[in-house]
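Below is one structure, written out as structure tokens; comments come after it.
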Amino acid sequence: MTETTSASSAPASSGGHEGNLITFDGVGKRFGDNVVLDNLSFGVRPGERVTLIGPSGSGKTTILRMLMTLTRPDSGTIQVGDDYLYHEERTGNLVPASEQHIRRVRRRITMVFQHFNLFPNMRVLRNVTEAPVHVLGLSKEEAEQRARELLDMVGLGEKLTAYPTQLSGGQQQRVAIARALAMRPDVLLLDEVTSALDPELAAGVLDVLRDIARTSDVTMLCVTHAMRFARDISHRVLMFDSGRIIEDAPPGEMFDAPRHERTRGFLQSVINET
Amino acid sequence: MSAGLLRHLLDGLLVTLQLTIFGGALGLVFAVVAGLARLSRSRPVRALAFVYTEGFRGLPALVVLFWFVFALPRLGFQMLPLFAGVLALALNIGAYGAEVVRGAIRAVPNSQLEAATALNFTRWQRMRLVVFPQALVAMVPPFGNLLIELLKATALVSIVYIPDLTFQGQLVRAATGNTAMTFFGLLLGYAVIALAFTGFMRWVERRAATSVGRQPEPGLVTRMIRRREVAA
Amino acid sequence: MNFDWRAAWDSVPRLLDGMLVALQATVLGYLIALVLGLVFALLRRSQQPWVRMPVAVVVEFIRSTPLLVQLFFLFFVLPTIGIEFSPLATGAIGLGVHYATYTSEVYRAGIDGVPPGQWEAATALNLSRRRTWTAVILPQAVPRVVPALANYVIAMFKDTPQLTAITVLEGLSVARSLGAETFRYLEPFTLVGIMYLTMALVMAWLARIVERRFGRVRAV
């Protein structure tokens with residue numbers, strides 16, 4: 001599923017993050033007086049599945065939204081492979097990227113949202129084929145073929161002609177996952193994808209995601225409160241607090257032997273909640 | 001432009017302002033009376049108000065105006081032209097205003113009525129003390145829009161030879177022969193008056209909104225500048 | 001003077017011809033308003049302030065000044081710069097431009113009503129701006145504003161008597177010439193009033209049907 005094409009090969013000096021698919025370097029973001037991300041740097045390797053945990057308002061979702069170019073960073077740089085997401089290199093200098101450049105880099109990334117955000121004016125099948133046809137340039141037949149396979153995979157092969165509003169929340173979210181995968185992304189961003197669902201429906205969605213984690217090598221960045229799921233699929237868990245990463249560990253360590261006081265407190269509160 | 005022509009325009013401006021202000025005041029009376037009447041318990045009263053609002057919202061103001069000025073005298077009723085203008089405009093704008101009044105009153109939450117009932121107010125007291133003051137706040141912004149519509153509609157009277165701003169503008173055009181400048185100047189004049197009325201209504205709106213502890217809507221300038229942030 | 005039924009009856013055919021002209025002006029003007037209003041609405045959302053601001057000023061200007069004066073402007077000024085239209089076409093353009101400032105507000109409300117998540121999903125799928133508008137945003141924004149747009153047909157129709165000022169032979173113009181010919185004003189002006197009223201009520205009734213149809217469109 002991973003397309004290992006990178007258009008330009010930037011010099012290794014551009015940060016020294018060889019091997020990373022995603023590199024945050026000194027990224028800051030504030031909304032008014034509220035510092036959401038504070039000089040944040042971290043990297044994600046190709047195929048890595050990383051879960052971001054932490055109290056609400058700690059900046060996790062902002063990271064996903066920045067990667068999806070839904071929220072602009074105030075400072076720092078973000079790289080996808082060797083390409084800067086918000087900058088272009090011109091005569092050795094970094095300048096703000098053009099819309100074209102952003103679209104090209106963004107093509108490797110897609111996102112599944114908390115509230116699904118399916119297009120209500122399109123039937124299920126067209127939700128999944130719209131972007132492959134108009135962004136990837138696939139033929140309609142090819143896109144539909146792929147959409148059918150993906151919708152089968154998420155268990156909705158029977159619902160091709162339904163409108164999104166005719167589906168349950170869990171079904172809608174599975175369509176949204178199929179829609180995202182149809183883009184053959186290198187990076188899949190999952191933003192609290194089960195938070196708007198009843199536990200039963202959430203379980204179905206998480207099962208689908210587990211399958212994807214098992215059978216593909218797509219890189220995942222995942223913000224979730226479903227800790228079991230995080231433990232199952234993640235290679236790494238990042239604990240956020242006040243816009244910083246305070247702990248970065250494999251799930252076993254993070255959940256069984258958290259080192260940081262704040263992490264212990266947070267995990268305790270999540271367990272009590274569920 | 002000579003002083004004589006300027007004098008014409010000022011006379012016209014005065015007529016336009018008179019039409020707007022008197023038409024607006026009379027229209028407001030029609031609006032409140034008809035709006036309340038449409039919520040009356042009496043069926044004939046409701047029916048009468050219904051006929052008035054539907055009728056005058058379906059009749060072009062200009063046709064009403066022609067009827068008042070040219071047809072009505074044949075039935076033996078002769079009105080001063082300016083009064084015919086005010087009446088035609090007021091009947092028209094009042095019908096729209098009545099819908100505003102009715103809508104605003106019906107939008108007052110039922111819980112307010114229940115609370116007033118719990119305080120053992122009479123029906124009339126409920127309306128006067130509880131419902132209407134709250135509804136009034138909601139009426140102000142749409143009334144502001146109607147006032148601008150009324151101002152624009154006053155230009156119609158020039159067709160029946162009432163010497164308003166537009167009428168005088170045509171005289172100026174005939175005298176100077178400068179068509180483009182005259183009509184553009186007229187439009188600009190109306191825009192300035194509209195801006196002044198809008199400013200006034202905004203002031204009323206802000207006072208009304210704060211009187212019930214609400215945040216007023218953004219103003220004209222804000223509306224012109226603002227653009228919803230969108231991704232992509 | 002009493003109502004002369006005979007004279008009234010005789011004037012009906014000519015008045016109906018006039019009403020037909022009024023309808024033509026409405027249809028033409030409305031098409032212009034539908035398209036131009038959307039253009040205004042889109043331009044007012046431009047990311048470029050030097051596009052957005054002038055358009056906003058022009059729209060507010062047109063909306064706050066009398067249609068009648070705008071009609072005069074088009075009728076008398078356009079020919080002086082070499083643009084010749086028939087009075088009816090001039091009238092339709094005037095109506096269309098004027099009402100475009102209203103429909104643009106309607107479109108804008110419809111566009112603002114599309115949830116931000118739809119824009120975000122379009123970004124996540126890397127849809128182009130154009131595709132986002134044509135495939136995602138407008139198909140959701142337009143159905144919900146159809147009832148509001150329909151109401152402006154009626155409003156526009158009721159403004160067609162103003163075209164009498166620029167020599168379009170619509171209903172009121174016909175009534176005026178009938179009056180001038182026969183010196184009877186009561187009958188033609190009463191009749192033309194009834195005709196306008198009837199047609200406006202029929203349109204209002206149709207608009208309510210449209211409203212009901214589109215009110216039932218799948219909830220978003």
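Line order of the protein sequences matches chains A, B and C. Going by full-length UniProt numbering, the first residue of the first sequence is number 1, and it counts up by one from there. Going by full-length UniProt numbering, the first residue of the second sequence is number 1, and it counts up by one from there. Going by full-length UniProt numbering, the first residue of the third sequence is number 1, and it counts up by one from there. C-beta atoms are modelled at their ideal positions from N, C-alpha and C, and glycine is treated no differently.
Can you grab the Cα-Cα spacing for the pair A/I246 / A/T263, in whole Å? 8 Å
Kindly list, in the order they appear in chain B, the residues whose Cβ is closer than 7 Å to that of C/A165. I159
Could you tell me the alpha carbon to alpha carbon distance between B/V230 and B/M181, rounded to whole angstroms? With a pLDDT of 36 at B/V230, under the threshold of 50, the modelled position of this residue cannot be trusted; read the value that follows with caution. Roughly 40 Å between the two C-alpha positions.
Against chain C: residues of the stretch 63 to 76 of chain A by CB proximity under 9 Å: R65, M68, T69 and L70
Could you run through the stretch 109 to 131 of chain A and flag, in chain order, every residue whose CB is less than 7 Å away from some CB of chain C? T110, M111, F113, H115, N117, F119, P120, N121, E130 and A131
Closest to A/L37 by C-alpha separation, out of A/F240, A/M254, A/P251 and A/E261, would be which residue? A/F240
Starting from B/F183, follow the alpha helix (DSSP H) in both directions and report where the run begins and ends. T179 to S211
Between which residues of its own chain and C/V77 is the CB-CB distance below 6 Å, once the five residues before and five after are set aside? none
Evaluate A/I63 with the Cβ neighbour count: other Cβ atoms within 10 Å of its Cβ, from every protein chain shown; 16 or more gives buried, anything less gives exposed. buried
Give me the Cα-Cα distance between B/L10 and A/F119, rounded to the nearest whole angstrom. 57 Å
Taking 6 Å as the limit between beta carbons, can you name the residues of its chain near B/S2, skipping five residues before and five after? none
Relative to chain A, which residues along the stretch 135 to 159 of chain C have a C-beta separation below 7 Å, given in chain order? A135, V136, P139 and Q140
Ordered list of alpha helix (DSSP H) runs contained in the stretch 45 to 78 of chain A, each at least 4 residues: 60 to 67
Identify the residues that DSSP records as bridge partners of A/A249: which are they? A/V237
Along the chain, where does the alpha helix (DSSP H) containing C/P49 start, and where does it finish? P49 to R63
Alpha helix (DSSP H) segment containing C/P139, residue limits: L138 to D159
With a cut-off of 8 Å, does the C-beta of A/H134 fall near any C-beta of chain C? yes
Let me know the secondary structure DSSP gives C/M203 once reduced to three states. helix
Alpha carbon of B/T122 to alpha carbon of B/N145, nearest angstrom: 33 Å
Counting only beta-carbon separations shorter than 8 Å, does C/T131 have a partner in chain A? Contrary to the premise, residue 131 of chain C reads as Arg rather than Thr in this sequence. At least one chain A Cβ lies under 8 Å of C/R131.
Pair every Cβ in the stretch 147 to 164 of chain B with every Cβ in the stretch 14 to 33 of chain B, then say whether three or more of these pairs are closer than 8 Å. yes
Let me see if you follow: with CB-CB separation under 8 Å, is C/G91 close to chain A or not? no
Tell me, please, whether the stretch 64 to 81 of chain B touches the stretch 180 to 194 of chain C by the rule of three or more beta-carbon pairs shorter than 8 Å. yes
Identity of the residue in C/N151, C/D10 and C/I83 nearest C/M209 by Cα: The sequence given here places Ile at residue 209 of chain C; Met does not occur at that position. Ranking the options by Cα distance to C/I209, first place goes to C/N151.
For C/V168, the three-state DSSP class (helix, strand or coil): coil
Taking Cβ-Cβ distances shorter than 9 Å, what residues in chain A pair up with C/L42? The premise fails here: C/L42 is roughly 17 Å from chain A at the closest Cβ pair, so nothing lies under 9 Å.
Do the CB positions of A/P164 and A/T110 come within less than 8 Å of each other? no
C-beta atoms of A/G155 and A/G76 nearer than 8 Å: no
Thinking C-beta only, is A/P132 closer than 8 Å to A/A182? yes
Test: C/F214 CB closer than 8 Å to a CB of chain B: no
With DSSP run on the structure shown, which of helix, strand or coil describes B/L13? helix
Could you please give me the residues that DSSP links to A/Y84 through a beta bridge? A/Q79
Residue range of the alpha helix (DSSP H) that includes B/L87: P81 to A107
What is the DSSP secondary structure of C/P66, reduced to helix, strand or coil? coil
Put C/T134 into one of helix, strand or coil per three-state DSSP. helix
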